[in-house]
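Colleague:
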Amino acid sequence: MAKKILIIEDEKHVAEYLEDIFQDQGYETLVATGSEQGLAMAAQHRPDLITLDLQMPEEHGTRFYQRFRKDEALKSIPIVVISGQYSPHRAINPDKVAAIVAKPFEPAELAAIVSKALGEA
Amino acid sequence: MGDKILLIAPRELGRELAAQLSGWGHISLFAADAEEALDLAFRHKPAISILDDGSDTGEALELVRRFKAEHPWTETIFLADLAEIERGARALEFGASDYLIKPVSPHRLGVALRRAQDRLVVRKKLAYLSGHIPNGGLPAALPPLGEETTRAARLYDTLQQYQQLFDEVPCYISVLDHNFTITATNRRFKEEFGELVGKTCHDVYQGRCEGCPDCPVADTFVDGQSHQYEQVLRAQDGRRFNVLTWTAPLRDAQGEINQVMVMSTDITQIRKLQDHLSSLGMVISSISHGVKGLLTALDGGMYKVRAGLERGDMDRVSKGWELVERMTERIRRTVLDILYYAKERELDTEQVEVAEFAKGVAVAGEYAAKKHGLDFKLVLAPDLGRFEVDPNALNPAMINILENAVDACLDDDEEKPHRRILFQVSREDDVLVFDIVDNGKGMDHETLENMFTLFFTSKGSAGTGLGLFIANDTVQQHGGSITVDSEPGEGSHFHVRIPEHPMAMPWERAPGPLKSKNLPF
Chain A
14 MAKKILIIED EKHVAEYLED IFQDQGYETL VATGSEQGLA MAAQHRPDLI TLDLQMPEEH
74 GTRFYQRFRK DEALKSIPIV VISGQYSPHR AINPDKVAAI VAKPFEPAEL AAIVSKALGE
134 A
Chain B
13 MGDKILLIAP RELGRELAAQ LSGWGHISLF AADAEEALDL AFRHKPAISI LDDGSDTGEA
73 LELVRRFKAE HPWTETIFLA DLAEIERGAR ALEFGASDYL IKPVSPHRLG VALRRAQDRL
133 VVRKKLAYLS GHIPNGGLPA ALPPLGEETT RAARLYDTLQ QYQQLFDEVP CYISVLDHNF
193 TITATNRRFK EEFGELVGKT CHDVYQGRCE GCPDCPVADT FVDGQSHQYE QVLRAQDGRR
253 FNVLTWTAPL RDAQGEINQV MVMSTDITQI RKLQDHLSSL GMVISSISHG VKGLLTALDG
313 GMYKVRAGLE RGDMDRVSKG WELVERMTER IRRTVLDILY YAKERELDTE QVEVAEFAKG
373 VAVAGEYAAK KHGLDFKLVL APDLGRFEVD PNALNPAMIN ILENAVDACL DDDEEKPHRR
433 ILFQVSREDD VLVFDIVDNG KGMDHETLEN MFTLFFTSKG SAGTGLGLFI ANDTVQQHGG
493 SITVDSEPGE GSHFHVRIPE HPMAMPWERA PGPLKSKNLP F
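First to last, the sequence lines map onto chains A and B.
Take 14 as the starting number for the first sequence in the numbering used here and just add one per residue.
Take 13 as the starting number for the second sequence in the numbering used here and just add one per residue.
(1) Going by beta carbon distance, what residues of the same chain come within less than 7 Å of Glu122(A), once the five residues before and after it are set aside?
(2) Is the shortest distance between the beta-carbon of Glu49(A) and the beta-carbons of chain B less than 7 Å?
(3) Between Tyr40(A) and chain B, is any beta-carbon pair separated by less than 7 Å?
(4) Can a CB atom of chain B be found closer than 7 Å to the CB of Val27(A)?
(5) Which chain A residues are close to Tyr315(B), counting only those with a beta carbon under 8 Å from its beta carbon?
(6) Short of 8 Å Cβ to Cβ, which residues in the segment 442 to 456 of chain B face chain A?
(7) If we cut at 7 Å on Cβ distances, does Lys116(A) have a partner in chain B?
(8) Please report the distance separating the alpha-carbon of Lys428(B) from that of Lys382(B).
(9) Hey, how far is the Cα of Val127(A) from the Cα of Glu341(B)?
(10) Give me the chain A residues within the contact set of Ala309(B), using Cβ-Cβ distance strictly less than 8 Å, ordered along the chain.
(11) What does the alpha-carbon distance come out to for the pair Val329(B) and Val317(B)?
(12) If you measure between the beta carbons of Leu112(B) and Arg120(B), is that distance less than 7 Å?
(13) Does any residue of chain B have a CB that is nearer than 7 Å to the CB of Asp37(A)?
(14) In this structure, how does DSSP classify Trp333(B) when only helix, strand and coil are distinguished?
(15) Have a look at Leu208(B), Met455(B), Val347(B) and flag the residue whose alpha-carbon is nearest the alpha-carbon of Gln248(B).
(16) Ignore the nearest five residues each way along the sequence and tell me which others in Leu73(B)'s own chain have a CB closer than 7 Å to its CB.
(17) Can you tell me whether DSSP reads Asn147(B) as helix, strand or coil?
(18) Would you check if the segment 450 to 466 of chain B and the segment 398 to 412 of chain B touch, i.e. whether three or more CB-CB distances between them fall below 8 Å?
(19) How many angstroms separate the CA atom of Arg431(B) from the CA atom of Leu414(B)?
(20) In angstroms, rounded to a whole number, what distance separates the CA positions of Ile60(B) and Ile89(B)?
(21) Provide the residue(s) that pair with Met275(B) in DSSP beta bridges, ordered along the chain.
(22) My output table needs one value for Tyr430(B): the three-state DSSP class, helix, strand or coil.
(23) Can the beta-carbon of Ala53(B) be found closer than 7 Å to that of Leu18(B)?
(24) What is the DSSP secondary structure of Ser117(B), counted as helix, strand or coil?
(25) Go through its chain and collect everything with a Cβ distance to Asp425(B)'s Cβ below 8 Å, but skip five positions before and after it.
(26) Starting from Ile126(A) and walking both ways along the alpha helix (DSSP H), at which residues does that stretch end?
(27) With 16 as the cutoff for other CB atoms within 10 Å, does His58(A) come out buried or exposed?
(28) Are any of the Cβ atoms in chain A nearer than 7 Å to that of Gly206(B)?
(29) Just how far apart, CA to CA, sit Pro58(B) and Lys16(B)?
(30) Give every residue of the same chain whose Cβ lies closer than 6 Å to the Cβ of Val445(B), excluding the five residues on either side of it in the sequence, and list them in chain order.
(31) Could you give the DSSP three-state label for Val209(B): helix, strand or coil?
(32) On a Cα-Cα basis, can you pick out the residue from Ser297(B), Val336(B), Leu25(B) that is closest to Leu307(B)?
(33) Excluding five sequence neighbours on each side, which residues of the same chain lie with their C-beta closer than 6 Å to the C-beta of Asp387(B)?
(34) With a threshold of 16 other CB atoms inside 10 Å of the CB of Ala152(B), please say whether the residue is buried or exposed.
(35) Using a C-beta cutoff of 7 Å, does Gly302(B) count as contacting chain A?
(36) Considering Cα atoms alone, identify which of Gln281(B), Val303(B), Thr259(B), Thr277(B) is closest to Gln271(B).
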């Protein structure tokens, strides 16, 4: 069965791009446009990996991250942080996320990072 | 009034000098030897003595020493031969105030006299300051030129130096007493703020009747420490200065703080530069965020094209290419906006045919709309006539609003049978009116409130928040206004009014409440 990736990203073109990349690698994808929706979808669909955009205007990605980390049932899911900033928010502990990817990114590179985070490489 | 000058010299030289001195209005006394010189000095108290090394005085240098000891208020000028020049230097050690090499020219004599007179004035002030003589009067009994006078001389020099430092230091300095009354100010302070001694600082600086809360001067009176703070001062001519202010306690002889010195450094230029830099930083950060978002979306489009080509999926190629086109267009606009924003420009107005101008704007708007399958309609009222605007500024501003309408339609996720944009141009007497109406995604309250704010964008990472800011700025430069009515999910109506005569602009009228059924298609 295909592994599921939850994409939390408010910018629809970027979300679509990520979906394209992951689907081409054979993964199933889900998209949430904000942190509330992201938490709900994570709880419902139990994805194998989550990509998180930190800069969402209404619901900042760090809020999702903090609540996600406190959730016993979810916190074992690997997170790949995708950020437009060179240094991501200090609320993010780089040791506790699978990877931090800066925008713009190379699709092949992102695919390799995700594959590794899923324990495939 | 001339001075009494005692000449101690051989007759011939004495006569020459006396003639010169009386020409300048001085009274000459003549002594041929040491005894006579001391006697005349005792009786007449000359201001200056001129002592020739070749006079019949025995040892001339010894006479210099005696003169200084017995007649300290007489300045001695020593005349030396060129061959004996080192005796002139010795004379200074013995207390002469100056020496001249013979033959003495009238010019050099005049200079030496003036210097001797200046020294006398300073010494008299000193004696007054140190309590030796009453103000203005000559000393009844001459004080010895002892340690005390030397101390007083040093004190006088120090006072002079401090006064000069106080006046010349590149700071505004005031001294305040316990009642916050200004007791002294330096020259620079007076130049900018006026003669404010006797007024209270809160009255002057802050325009208050009472003291200010958290007054650093009050703190310094209490704790004896220096406090720093930043404030804005208003000069006499109304200019405002950002200043960084330090306070420092001044203590009396008992060590009690009786006054506080307030020193302010003008940091207006630094503040301006900082504001400029931080605004530049904001511009760069906002633009870089927006550009990254655009580039990532552009990457997404290119990825689609490439993947579609590899798999022979032409539908995917076509979708990808459309995205590439849209993102390229947005990047182009963003770059143009940045270039426009970076350039400060004055309006350069000319008379334009309104209909022609409107058609020019519509061509760009229609191109953007049709490319994405949107309906576009241009409605021109008859007899638009000519109007004075800066077409090079207003054209991109109006296109920006039209392209914003295109984006609002494209970003709308709701299913709508027709996505359309209306561009209508009309005239109300002296006011040119542009209406741009779309049935796109509309705006929520927050977006409506902030849409013209620099760097505000509702397009996530796909916008920079520059476009509408610049459009609004341009319309305002024309003396006009933009009002907007919008409902989320229903669309937006931009109503732009530009007056023929900017001063005659009536208060802007908001368009009526917008409902989709009111959309004039």
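All residues carry an ideal CB built from backbone N, CA and C; glycine is no exception.
These numbers come from a predicted model, not from an experiment.
Modeller: Quick answer:
(1) Residue 122(A) sits at position 109 when you count from the first residue of the first sequence. No residues qualify anywhere along the chain.
(2) In the first sequence, residue 49(A) corresponds to position 36, counting from 1. Not closer than 7 Å to any Cβ of chain B, the Cβ of Glu49(A) fails to qualify, so no.
(3) Your numbering for residue 40(A) matches position 27 in the first sequence. Output row for Tyr40(A): interface = no.
(4) Here residue 27(A) refers to the residue found at position 14 when the first sequence is read from its first residue. For Val27(A), the answer is yes, since a Cβ of chain B falls inside 7 Å of its Cβ.
(5) Along the second sequence, read from residue 1 onward, the residue named residue 315(B) stands at position 303. Residues of chain A passing the Cβ test: Tyr30, Asp33, Ile34, Pro120.
(6) none
(7) On the first sequence, position 103 is the one that residue 116(A) refers to. For Lys116(A), the answer is yes, since a Cβ of chain B falls inside 7 Å of its Cβ.
(8) Numbered from its first residue, the second sequence carries residue 428(B) at position 416. Numbered from its first residue, the second sequence carries residue 382(B) at position 370. Going from the Cα of Lys428(B) to the Cα of Lys382(B) covers about 16 Å.
(9) Start at 1 with the first residue of the first sequence, and residue 127(A) comes out as number 114. Start at 1 with the first residue of the second sequence, and residue 341(B) comes out as number 329. Those two C-alpha atoms are separated by around 31 Å.
(10) Position 297 of the second sequence, counted from the start, is the residue given in the question as residue 309(B). What Ala309(B) touches in chain A: Glu24, His26, Val27, Tyr30.
(11) Counted from its first residue, the second sequence places residue 329(B) at position 317. Counted from its first residue, the second sequence places residue 317(B) at position 305. If you take the alpha carbons of Val329(B) and Val317(B), they lie about 4 Å apart.
(12) In the second sequence, residue 112(B) corresponds to position 100, counting from 1. In the second sequence, residue 120(B) corresponds to position 108, counting from 1. Cβ atoms of Leu112(B) and Arg120(B): closer than 7 Å.
(13) Mapped onto the first sequence, residue 37(A) falls at position 24. Output row for Asp37(A): interface = yes.
(14) Position 321 of the second sequence holds residue 333(B). If DSSP states are grouped into helix, strand and coil, Trp333(B) belongs with the helices.
(15) On the second sequence, position 236 is the one that residue 248(B) refers to. Checked all of Leu208(B), Met455(B), Val347(B); the closest Cα to Gln248(B) is Leu208(B).
(16) To locate residue 73(B), count along the second sequence from 1; it is residue 61. Cβ within range, chain order: Arg99, Arg102, Ala103, Phe106.
(17) To locate residue 147(B), count along the second sequence from 1; it is residue 135. Residue confidence for Asn147(B) is low, a pLDDT of 48 falling below 50, so the modelled location carries little weight and cannot support an answer.
(18) no
(19) As a working mapping, residue 431(B) is identified with position 419 in the second sequence. As a working mapping, residue 414(B) is identified with position 402 in the second sequence. Cα to Cα, Arg431(B) sits roughly 14 Å from Leu414(B).
(20) As a first step, residue 60(B) is located in the second sequence; it is residue number 48 there, counting from the start. As a first step, residue 89(B) is located in the second sequence; it is residue number 77 there, counting from the start. Their Cα atoms are separated by approximately 7 Å.
(21) In the second sequence, the residue the question calls residue 275(B) occupies position 263. Looking at the DSSP assignment, Met275(B) forms a beta bridge with Ile185(B), Trp258(B).
(22) Taking the first residue of the second sequence as 1, we reach residue 430(B) at position 418. Reading off the sequence, residue 430(B) comes out as His, not Tyr. In this structure, His430(B) counts as coil in the three-state DSSP scheme.
(23) Your numbering for residue 53(B) matches position 41 in the second sequence. Your numbering for residue 18(B) matches position 6 in the second sequence. A contact, by the Cβ cut-off of 7 Å.
(24) Here residue 117(B) is taken as the residue at index 105 of the second sequence, counted from 1. Note: Ser117(B) maps to coil in three-state DSSP.
(25) Here residue 425(B) corresponds to residue number 413 of the second sequence, with the count starting at 1. Excluding residues within five positions, the ones whose Cβ falls inside 8 Å are Lys453.
(26) Position 113 of the first sequence, counted from the first residue, corresponds to residue 126(A). 120 to 130 is the span of the alpha helix (DSSP H), which, as asked, contains Ile126(A).
(27) As a working note, residue 58(A) is residue 45 in the first sequence. It counts as exposed.
(28) In the second sequence, the residue the question calls residue 206(B) occupies position 194. No, Gly206(B) does not count as interfacial toward chain A.
(29) For the purposes of this step, residue 58(B) is taken as the residue at position 46 of the second sequence. For the purposes of this step, residue 16(B) is taken as the residue at position 4 of the second sequence. Taking the straight line joining both Cα atoms gives about 5 Å.
(30) Counting from 1 along the second sequence, the entry for residue 445(B) is found at position 433. So the qualifying residues of the chain are Ser438, Arg509.
(31) Within the second sequence, numbered from 1, the residue matching residue 209(B) stands at position 197. DSSP places Val209(B) in coil when its eight states are reduced to three.
(32) Residue 307(B) sits at position 295 when you count from the first residue of the second sequence. Cα-wise, what sits closest to Leu307(B) is Val336(B).
(33) Position 375 of the second sequence holds residue 387(B). So the qualifying residues of the chain are His430, Arg432.
(34) Counted from its first residue, the second sequence places residue 152(B) at position 140. Model confidence at Ala152(B) stands at a pLDDT of 46, short of 50, so the residue's coordinates are unreliable and nothing is read from them.
(35) The count along the second sequence starts at 1 and reaches residue 302(B) at position 290. Not one chain A Cβ lies under 7 Å of Gly302(B).
(36) Mapped onto the second sequence, residue 271(B) falls at position 259. For Gln271(B), the nearest C-alpha among the options comes from Thr259(B).
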